[in-house]
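Keeping their order, the protein sequence lines are chains A and B.
Heads up, the first sequence is in this note's numbering, so the first residue is 1 and it goes up one at a time.
Heads up, the second sequence is in this note's numbering, so the first residue is 1 and it goes up one at a time.
Here a beta-carbon is modelled for each residue, glycine too, at the ideal position from N, C-alpha and C.
All values reported here derive from a predicted model rather than from experimental measurement.
What follows is a set of notes on a single structure, which appears directly below.
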Amino acid sequence: SQQGEEDPQALSIQEGENATMNCSYKTSINNLQWYRQNSGRGLVHLILIRSNEREKHSGRLRVTLDTSKKSSSLLITASRAADTASYFCAHPRGAGGTSYGKLTFGQGTILTVHP
Amino acid sequence: NAGVTQTPKFRVLKTGQSMTLLCAQDMNHEYMYWYRQDPGMGLRLIHYSVGEGTTAKGEVPDGYNVSRLKKQNFLLGLESAAPSQTSVYFCASTDRRRLNEQFFGPGTRLTVL
């Protein structure tokens, strides 16, 4: 399987705390993405970081990418109960133009934010 | 603008029965995908399509067939359902300009008894 690994598998925090999730992957990539999945729903794209970027911000989200270690992290600052969801990293499957948008997903981190 | 829709939302089948899951998108996307999601396994790609009339196998295609007769629709068929196909199925779409972002439907929860 080409699936990456995410850790922790589950994370439980209090509202206002920061949440950090990590993702490792196995192949060379040109970008890495993070998705959120609320219970019983489909996945929603959160943020994308390209291989030539080391850090990217979007609102309360901060993503880092270390291509030498084949790893990425997603930080959610000042978490809210509404952030409770599963978070998945994903990267293109296949090289360059042959990927046809296909993605390989990690196994996900279940985040629970307690009010 | 409904985005990506899936029907049905839930279905229970008996072993050996057949069914078709329908995915529709109204964003004029060229690329469409079918995934299955199982506990602890993340999402695994079943089949995908890069345009009307074309389909290709993904990571776990066995036991499934697909068709893309119209650009906006992508059908996933189970000819003879097995308990191992109990899962949540997601459809997604994207296009050449947004290859890096997929748009997902709400999912179909299938149970095979």
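Proximity winner among the options, relative to residue i (alpha-carbon distances)
i, options, result
"S40/A", "T84/A, L61/A, R54/A, I13/A", "Inspection of the sequence shows that residue 40/A is occupied by Gly rather than by Ser. It is T84/A whose Cα lies nearest to the Cα of G40/A."
"T112/A", "E6/A, E15/A, S73/A, K56/A", "E15/A"
"V4/B", "S18/B, R98/B, G107/B, V66/B", "G107/B"
"Y35/A", "L46/A, S72/A, A78/A, E55/A", "L46/A"
"E22/A", "Y87/A, I49/A, G59/A, S99/A", "As written in the sequence, residue 22/A is Asn, which differs from the Glu given in the question. When each option's Cα is compared against that of N22/A, the closest is Y87/A."
"T104/A", "P8/A, T27/A, A19/A", "T27/A"
"I13/A", "G101/A, K102/A, A78/A", "A78/A"
"T15/B", "D38/B, T54/B, G51/B, Q85/B", "Q85/B"
Three-state secondary structure (DSSP) of residue i
i, result
"A82/A", "helix"
"R62/A", "strand"
"G85/B", "A small correction: the amino acid at residue 85/B is Gln; Gly does not occupy that position in the sequence shown. Q85/B: helix per DSSP, three-state reduction."
"R109/B", "strand"
"R54/A", "coil"
"R98/B", "helix"
"Y49/B", "First, the amino acid is wrong: residue 49/B is Ser here, not Tyr. S49/B falls in the strand class under three-state DSSP."
"I76/A", "strand"
"Y100/A", "coil"
"A2/B", "coil"
"D38/B", "strand"
Partner residues on chain B for residue i, Cβ-Cβ distance less than 8 angstroms
i, result
"H45/A", "E101, Q102, F103"
Chain B contact residues for residue i, given Cβ-Cβ distances below 7 angstroms
i, result
"N31/A", "N100"
"L61/A", "Simply none; closest approach about 15 angstroms."
"K26/A", "None at all; the shortest Cβ gap to chain B is about 14 angstroms."
Partner residues on chain B for residue i, Cβ-Cβ distance less than 9 angstroms
i, result
"R41/A", "F104, P106, G107"
"K56/A", "Those do not exist, as K56/A stays about 13 angstroms from chain B at its closest Cβ, beyond 9 angstroms."
Burial state of residue i, where buried means 16 or more other Cβ atoms lie within 10 Å
i, result
"E55/A", "exposed"
"Q102/B", "buried"
"R97/B", "exposed"
"T7/B", "exposed"
"G53/B", "exposed"
Chain-ordered chain A contacts of residue i [CB-CB under 9 angstroms]
i, result
"F90/B", "G42, L43"
Per-residue contacts from residue i into chain A (C-beta, under 7 angstroms)
i, result
"Y64/B", "By Cβ distance, chain A contributes nothing, its closest Cβ being about 16 angstroms from Y64/B, past 7 angstroms."
"G77/B", "Simply none; closest approach about 20 angstroms."
"M41/B", "Q107"
"V50/B", "Y100"
"L45/B", "K102"
Practice problem: Evaluate the contact criterion for the region 22 to 29 of chain B versus the region 69 to 76 of chain B: three or more CB pairs, one atom per stretch, below 8 angstroms. | Solution: yes
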